[in-house]
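Notes to accompany the following structure.
Residue numbers (my numbering): 783 to 944.
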C-alpha cells in the first residue's frame, strides 16, 4: 500500500506532489497541493479550495497559533466550496515532539468534533507516523461522497494540504 510513485513539482508559491496509492483495492492518483504560505494570495488560494475534492487541515502540536487558525480556514473552505460538508481531516503534526506539546490531543479531537465530526489523527512526517493513514482516510471520504460507477477504475483525487 505504500506509494508507488512520487513526483514533486515546485512552483513559485506552491508544491504539487503526485502520489499513486491503492485504497481498498482501488488505484488512486492523488494530486496533493501544499498551500502553506499562500495566505496573502487570496484569489489563488480560493481557486485551490474550489478545485479541491478533499482537505487536510494541519497544525503543529508545538505551536498554538497554527491550531488557532483552523476554524477560520475551515469556514473559508466551506464558503468557497459553497457546501456544508466537505471531505476533510484534521491533523495534529509533530506528535514525535511530545515534550514540546502545547496543543493537547483532546483539543484536536474536540475541534474535529465541532467540525461536523471531521476525522482526526495525530501524525509525524519526520517519524512516519500516520502519514499514509491521513490520505487513505481522505480518499475513502471522497469516494463515499462521490461514488464511482465503475469499480476497479483508476481514479484521480485532488487533495489540498492546508
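Don't be surprised by glycine CBs; every beta carbon is placed ideally from N, CA and C.
Note that this is a predicted model, so its numbers are computed, not measured.
**OP:** Would you identify the three-state DSSP class for residue 838, choosing helix, strand or coil?
**Re:** strand
Subject >> Length of the line joining the Cα atoms of residue 843 and residue 850 >> reply: 11 Å
Original post:
Tell me the DSSP bridge mates of residue 906?
Top reply: 911
**OP:** From the DSSP output, read off the bridge partner residues of residue 874.
**Re:** 841, 904
**OP:** Could you have a look at residue 945 and say whether DSSP puts it in helix, strand or coil?
**Re:** The chain is shown from 783 up to 944; residue 945 falls before or after that span and cannot be answered.
Original post:
From what residue to what residue does the beta strand (DSSP E) around residue 854 run?
Top reply: That residue, residue 854, is in no beta strand (DSSP E); its alpha helix (DSSP H) goes 852 to 863.
Original post:
So, helix, strand or coil for residue 879, using DSSP?
Top reply: coil
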